[in-house]
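**Student:** Heads up, the sequence shown is in my numbering, so the first residue is 52 and it goes up one at a time. Below are the structure tokens for one structure; questions will follow.
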Amino acid sequence: MTKSRSRSTQSSAAGKSRQSSRRRSRARRPLIQLTRDQWLDLLGGALLLSAVLTILSLLSPQQGALLHLWLAGLERLFGWGMFIAPLLIGATGLWLILRRFGERFPQPQPEQIAGVALGFPTALTTLHLIASRIFWPKVALLQLVEIGEGGGLIGAALLDLSLRLVGSAGTLVALLMAWLVVVTLIGGISPAEAVQLLFNRRARREESQLPLPEMPQPKASATTRAPQPAAQSPLPRPAPIVLGERAGQEPPPLKINGNHAEQEHLDFNAPTPPSGSPWRLPAVTDILEIGSEQNFSDDLIRKQARIIEETLSSLGAPVKVLETNTGPVVVQFGVEPLFVDLRGGKRTKVKVSKIAALADDLALALSARSIRIEAPIPGKGLVGIEVPNVEPAVVALRDVLEARAFAKLKGTLRMGLGQDVSGQAVAADLRAMPHLLIAGTTGSGKSVCVNAIIAALLLQNTPETLRLMLVDPKRVELTQYNGIPHLLTPVIVDVDRVVPALRWVMREMDTRYRRFAKVGARNIEDFNRRAGKKGSDDEPLPYIVVIVDELADLMLQSPEETERVLCRLAQMARATGIHLILATQRPSVNVVTGLIKANFPARIAFAVASSVDSRVILDMPGAERLLGRGDMLFMPPDAGQPLRLQGAFVSDRELEKLIGHWQQGQAATVVTLPAASPLPLKDTPSVPAQEPLFPEFAEPSPKFEDELLPTAVEILLAEDRASISLLQRRMRIGYTRAARLVELLEELGIVSPDTNQGQFRGVNRPVAEAFLRSLTSEDQADAQEHAADTGAEPW
52 MTKSRSRSTQ
62 SSAAGKSRQS
72 SRRRSRARRP
82 LIQLTRDQWL
92 DLLGGALLLS
102 AVLTILSLLS
112 PQQGALLHLW
122 LAGLERLFGW
132 GMFIAPLLIG
142 ATGLWLILRR
152 FGERFPQPQP
162 EQIAGVALGF
172 PTALTTLHLI
182 ASRIFWPKVA
192 LLQLVEIGEG
202 GGLIGAALLD
212 LSLRLVGSAG
222 TLVALLMAWL
232 VVVTLIGGIS
242 PAEAVQLLFN
252 RRARREESQL
262 PLPEMPQPKA
272 SATTRAPQPA
282 AQSPLPRPAP
292 IVLGERAGQE
302 PPPLKINGNH
312 AEQEHLDFNA
322 PTPPSGSPWR
332 LPAVTDILEI
342 GSEQNFSDDL
352 IRKQARIIEE
362 TLSSLGAPVK
372 VLETNTGPVV
382 VQFGVEPLFV
392 DLRGGKRTKV
402 KVSKIAALAD
412 DLALALSARS
422 IRIEAPIPGK
432 GLVGIEVPNV
442 EPAVVALRDV
452 LEARAFAKLK
462 GTLRMGLGQD
472 VSGQAVAADL
482 RAMPHLLIAG
492 TTGSGKSVCV
502 NAIIAALLLQ
512 NTPETLRLML
522 VDPKRVELTQ
532 YNGIPHLLTP
542 VIVDVDRVVP
552 ALRWVMREMD
562 TRYRRFAKVG
572 ARNIEDFNRR
582 AGKKGSDDEP
592 LPYIVVIVDE
602 LADLMLQSPE
612 ETERVLCRLA
622 QMARATGIHL
632 ILATQRPSVN
642 VVTGLIKANF
652 PARIAFAVAS
662 SVDSRVILDM
672 PGAERLLGRG
682 DMLFMPPDAG
692 QPLRLQGAFV
702 SDRELEKLIG
712 HWQQGQAATV
722 VTLPAASPLP
732 LKDTPSVPAQ
742 EPLFPEFAEP
752 SPKFEDELLP
762 TAVEILLAED
772 RASISLLQRR
782 MRIGYTRAAR
792 LVELLEELGI
802 VSPDTNQGQF
812 RGVNRPVAEA
822 FLRSLTSEDQ
832 ADAQEHAADT
842 GAEPW
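Right, here's the structure in full:
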């Protein structure tokens, strides 16, 4: 009983204590509960209100008692700095109020806040030094405070401390160093740049007083072209391409480069046909049209630059946009990675891979269809962020052919590819490539690029200097060129005729090598130079360009033979003036094989479906982020990174004019070259000058479809019967080849037809013996050699 009573007493006491604690907590709870942000907002409003009242009191002759005391305290504390103090107080209050609107209002950096904190006492010290040395040199420092002059108590205390420690000269040096640090922190520039800026401004002021010389006005152009300053030579580029010049240094904070300035207009320098030639090159001004003018807004570009900086900064990758390059389709923002703080007080720059991984976030922030990041830009310490233009422009082929970049190239196989991300024309020489591989999905601009290349070649060459072989299995892209005198044969549309045509090109290559060896020439340029001299019996050879519009159809029809012929031409045909251009809309490993890629270092990738297809054509991702309609990545043969270009556009109307010019001007009866007639596409092999490097490159026997046919006839004569299994056992070959041999023997009348009764076939001995007697000794030796290579048993 006693224990139970004690427990009940303890429980009741505990209940009373809990009730009393609840009452005390309710009594202690404040009436106004504000968050930290709300307190900061109130503090900012109070500071801003006090700054406004202070400024109004300084301007008003009548002041109340409270404001009079406030101004007297400011005057005693800051002296002349009392006019600066309300501005700093108001700026602090405004910053506290607007700190949440970081996307709309720029936020001060920590170094800028430190610069202001150091600059205000430095200004007070400087003001007190000026008052004590210039205006009141005989008045003590503290007496200046009493009369309200100088920098107040703070300025007097700091100046007195400095004079006691380092003296007058040291004080001047210390103040100068302090001001340099303040300018560096607030302005974000180094002291050397500040001094240089000061001297440059002084020099410009002196130059402005001199009379300005009259500058010649540039010739106006109907189209908008990129600026090409001549003050600075362009950086060395890879051998086969030439870029327009760009401006050198970019002044801070942001430089916008674009093709909105007038570019120097050059005439198209087509080579002149030799004297006595019946051919006349077409005029570019009559065939091609100029491009349209591009419109863009500097304000929009600066807005996009600010969005890029704020988005990456919020994602932990702060950057600074230093330059922009405005192209016909995209705008490239050159950003510099900034430093981020790590644990332990260390600082490091943002990794390039981190910026590249945020491409989708940037596309969302900019409301862009697709964004490609070039990390880094070759030759610059910047990361390129390429954003599509709101209104893309069309790059006309004429604009590229009349650019300085095209004029710098020499030769007759120049191609105008398009314009890069800064609006500069890009041209290439097919002789230096020497072969080109093009890939892209349907509608990406692949066929337009092929037509632009053909148009550029036809504008520079007559049939005496260039012959074309066009392959178009789709029958819709290249068939319009039928009838021009440049064609070696009408456009090939039958897939079965492609491989024999390529074999003819291979025989032409071997023939040219033998002609080079006869005169001691190393390549076609050397041979044509020797042939052009007096007393030479040789005639100059034309270049041959083979263009295949769809490689996938050839690889499906005969993949091994097509790959073998293309690789042999790509390896050896450059010196003979034979060049290949292959295009496909399916860049898979079955179409663009490893051997083909190894022999075609120059490649163009248009928009593809996935990064896997991009890796097949370029060995790197990136083409899957292209925009289509001529947007491409050009990989020169000796460059590590591809160039993003907007391909040159040539319309159907322009092509009709060009084709009509050559069809009307055809004079095959006068020219000594063969007319555009079909080639002898018979399946006859070429005879190589030496043994092939690889067995699969060996040519078939010239007499028979199968070189084992004579050996099979001898075996059947010895056995006096014929069957597929007999040839398999005796000749050690597979079923398919043995069945084909029996079919050939049946066509020759040596073997009787099959009766479908499972018996041996008969052998017509007179016909078989006559067949063997018709063979020459050389053919018999070749047959025996082939039989020995395959392991056939001697009969």
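Every residue gets a Cβ at the ideal spot worked out from N, C-alpha and C, and that includes glycine.
Give me the Cα-Cα distance between residue 163 and residue 142, rounded to the nearest whole angstrom.
**Tutor:** Cα to Cα, the separation comes out at about 13 Å.
**Student:** Pull up the DSSP beta-bridge partners for residue 596, would you.
**Tutor:** Bridge partners of residue 596: 519 and 630.
**Student:** What alpha helix (DSSP H) runs, 4 residues minimum, are completely inside the stretch 396 to 482?
**Tutor:** Whole alpha helix (DSSP H) segments, 4+ residues: 403 to 407, 410 to 417, 448 to 452 and 455 to 459.
**Student:** What span of residues does the beta strand (DSSP E) with residue 490 cover, start to end?
**Tutor:** Where residue 490 is concerned, the enclosing beta strand (DSSP E) stretches over 487 to 490.
**Student:** Relative to the C-alpha of residue 639, which candidate in 662, 629, 172 and 630 has its C-alpha closest?
**Tutor:** Closest by alpha carbon: 662.
**Student:** Quick check on DSSP: helix, strand or coil for residue 293?
**Tutor:** In this predicted model, residue 293 has a pLDDT of only 48, less than 50, meaning its place in the structure is not dependable enough to derive any value.
**Student:** Which same chain residues, not among the five before or five after residue 692, have their C-beta less than 6 Å away from its C-beta?
**Tutor:** 429.
**Student:** In the DSSP output, which residue or residues are listed as bridge partners for residue 371?
**Tutor:** Residue 371 pairs with 387.
**Student:** Specify, as a first and last residue, the run of the alpha helix (DSSP H) that residue 822 falls within.
**Tutor:** Run containing residue 822: 816 to 825, per the alpha helix (DSSP H) assignment.
**Student:** State yes or no: is the C-beta of residue 544 nearer than 7 Å to some heavy atom of the ligand PLP?
**Tutor:** The model depicted lacks the ligand PLP and carries no ligand whatsoever.
**Student:** Are residue 96 and residue 148 touching if we call contact CB-CB under 8 Å?
**Tutor:** Closer than 8 Å, so yes.
**Student:** How long is the line joining the alpha carbons of residue 650 and residue 493, rounded to whole angstroms?
**Tutor:** The alpha-carbon atoms of residue 650 and residue 493 are separated by roughly 25 Å.
**Student:** Tell me residue 635's beta-bridge partners as DSSP assigns them.
**Tutor:** The partner list for residue 635 (beta bridge, DSSP) reads 490.
**Student:** Between which two residues does the beta strand (DSSP E) harbouring residue 686 extend?
**Tutor:** Per DSSP, residue 686 belongs to the beta strand (DSSP E) from 682 to 686.
**Student:** Would you check if there are 3 or more beta carbon pairs closer than 8 Å linking the stretch 455 to 468 to the stretch 502 to 512?
**Tutor:** Enough Cβ pairs lie closer than 8 Å, so yes.
**Student:** Pick out whichever of 193, 529 and 619 has its Cα sitting closest to the Cα of residue 558.
**Tutor:** It is 619 whose Cα lies nearest to the Cα of residue 558.
**Student:** Among 709, 211, 114 and 632, which residue has its Cα nearest to the Cα of residue 177?
**Tutor:** Comparing Cα positions, the closest option is 211.
**Student:** Would you report the Cα separation of residue 583 and residue 592, rounded to the nearest angstrom?
**Tutor:** Straight-line Cα distance between these residues: approximately 10 Å.
**Student:** Would you kindly work out how many angstroms separate the C-alpha atoms of residue 185 and residue 119, rounded to a whole number?
**Tutor:** Cα-Cα distance, rounded: 29 Å.
**Student:** Compare the beta carbon distance of residue 598 and residue 522 with 8 Å and say whether it is the shorter of the two.
**Tutor:** Yes, these two residues count as a Cβ contact at 8 Å.
**Student:** Select from 826, 195 and 811 the residue whose C-alpha is nearest the C-alpha of residue 762.
**Tutor:** Nearest of 826, 195 and 811 to residue 762, Cα basis: 826.
**Student:** Please report the distance separating the alpha-carbon of residue 637 from that of residue 655.
**Tutor:** Whole-angstrom Cα-Cα distance: 13 Å.
**Student:** Counting along the chain, where does the alpha helix (DSSP H) carrying residue 709 start and finish?
**Tutor:** Residue 709 -> alpha helix (DSSP H) spans 703 to 715.
**Student:** By DSSP, does residue 510 sit in helix, in strand, or in coil?
**Tutor:** Three-state DSSP puts residue 510 in coil, outside helix and strand.
**Student:** Can you tell which of 678, 775, 528 and 175 has the C-alpha that lies nearest to the C-alpha of residue 696?
**Tutor:** Of the candidates 678, 775, 528 and 175, the one whose C-alpha sits nearest the C-alpha of residue 696 is 678.
**Student:** Just to confirm the assignment, what range does the beta strand (DSSP E) spanning residue 656 have?
**Tutor:** Start and end: 653 to 656.
**Student:** Once DSSP output is grouped into helix, strand and coil, what is the label at residue 376?
**Tutor:** Reduced to three states, the DSSP call for residue 376 is strand.
**Student:** Would you call the CB atoms of residue 546 and residue 629 closer than 8 Å?
**Tutor:** No, they are not a contact pair.
**Student:** Compute the distance between the beta-carbons of residue 377 and residue 491, then report whether it is under 8 Å.
**Tutor:** No, Cβ-Cβ distance for residue 377 and residue 491 is not below 8 Å.
**Student:** For the putative contact between residue 553 and residue 537, defined by C-beta atoms under 8 Å, what is the C-beta separation to the nearest angstrom?
**Tutor:** That pair is no contact at about 18 Å.
**Student:** What whole-angstrom Cβ distance do residue 175 and residue 134 have, given they're in contact under 8 Å?
**Tutor:** Their Cβ separation, rounded to whole angstroms, is 12 Å, which puts residue 175 and residue 134 out of contact at 8 Å.
**Student:** Would you identify the three-state DSSP class for residue 696, choosing helix, strand or coil?
**Tutor:** Looking at residue 696 - three-state DSSP - the assignment turns out to be strand.
**Student:** Mapping the DSSP letters down to three states, classify residue 352 as helix, strand or coil.
**Tutor:** DSSP places residue 352 in helix when its eight states are reduced to three.
**Student:** So the alpha helix (DSSP H) residue 552 belongs to, where does it begin and stop?
**Tutor:** It spans 549 to 570 - the alpha helix (DSSP H) in which residue 552 sits, taken as one unbroken run.
**Student:** Which term fits residue 197, buried or exposed, when burial requires 16 or more other beta carbons within 10 angstroms of its beta carbon?
**Tutor:** When all chains shown are included, residue 197 counts as exposed.
**Student:** Tell me whether residue 191 sits in a helix, a strand or coil according to DSSP, three-state version.
**Tutor:** If DSSP states are grouped into helix, strand and coil, residue 191 belongs with coil.
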